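Below: the structure, in structure tokens.
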Amino acid sequence: MKKTLFRALFIMTVMTAMPAQAQIKLGVKSGINLTDVQFKQDDLKAENRVGFFAGPVIKFHLPVSGLSVDAAALYDQREAKVEGTTMKAKSVLVPVNLRITAGSENVFTIFAFGGPQFAFNLSDDLTWKENYQEWKWKEASFSVNVGLGVSFGRHLEIYGNYNVACSRTADAIFESLKEGTARANAWQVGLALYL
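The sequence shown begins at 31 in my numbering and counts up by one.
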């Protein structure tokens, strides 16, 4: 777990090494996610479940008009019900998004964003076993965010995005001896407050 937190802090430190002329804002963001587990095998299905995320965020307004970058360190909890069993993942997410903004920052803006996200599993026990069933989370995973949002003044943002897993997030064997590799994508709706 210490390695995981160190990795997350290292990535945040690297991302904060931006040009001195960039305008910096600190804040917090939180929201809900709907896990969308996709299996490589057609005969394995998952029921999506609601989870949540929360943590600090930093935003850099770049010297180019309408462009900014945000990076966060978020505690994230996701769930999915697979073959009748609920699987939970607790992790630290480090999303880094490039944002394109249109509108007046003092009143109202619309923005589109996208970028990579790194996830580090916090569970002490990455493997769940019961009888002939096994679910094994990966220690780390990589995904990409794509989304839209609106800003009200300089302090409040509401956004929605889809997080696409670029690598497998778990391996599974079930009582029916079905085997599968899973990718845990997620729909996310969030709120950010900046100082």
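Quick reminder that beta carbons are idealized off the backbone N, C-alpha and C, glycines included. This structure is a prediction, so every number in the text was calculated from the model and none was measured.
- A direct Cα-Cα distance of roughly 29 Å separates His91 from Gln107.
- Its Cα nearest to that of Tyr224, the residue Arg184 stands out among Phe150, Ile188, Gly61 and Arg184.
- Scanning the stretch 74-127 for uninterrupted beta strand (DSSP E) segments of 3 residues or longer gives 76-78, 80-91, 97-102 and 104-112, listed from N- to C-terminal end.
- Judged by DSSP in its simplified three-state form, Gly177 adopts strand.
- Under a 10 Å Cβ-count criterion, Asn136 is classified as exposed, with fewer than 16 other Cβ atoms of the shown protein chains found around its own Cβ.
- Note: Thr139 is bridge-paired with Gly133 and Ser181 in the DSSP secondary-structure output.
- Ranking Ile188, Gly85 and Val124 by CA distance to the CA of Ala170 puts Val124 first.
- In the structure shown, Arg213 falls within a strand segment according to DSSP collapsed to helix, strand and coil.
- Between Ser60 and Leu178, the CB-CB gap reaches or exceeds 8 Å.
- Annotation for Leu56: Ile88 and Leu225 place their beta carbon closer than 6 Å to its own, counting only its chain and skipping 5 residues before and after.
- Across the structure, Phe148 and Gly133 are spaced so that their CA atoms are roughly 30 Å apart.
- Here Gly144 is exposed, its C-beta having fewer than 16 other C-beta atoms within 10 Å.
- Here Trp167 is not near Asn63, since their CB atoms are 8 Å or more apart.
- In the DSSP assignment, Thr65 is bridged to Ala216.
- Beta-carbon to beta-carbon, Thr131 and Phe138 are separated by about 11 Å, too far to satisfy the 8 Å threshold.
- Of the other Cβ atoms in all chains shown, fewer than 16 fall within 10 Å of the Cβ of Leu186; this residue is therefore exposed.
- The residue from Gly114, Phe83 and Val94 with its alpha-carbon nearest to that of Leu128 is Val94.
- Taking C-beta separations shorter than 7 Å and ignoring five residues to either side along the sequence, the partners of Ser121 in its chain run Asp106, Ala149, Phe150, Asn151 and Leu152, following chain order.
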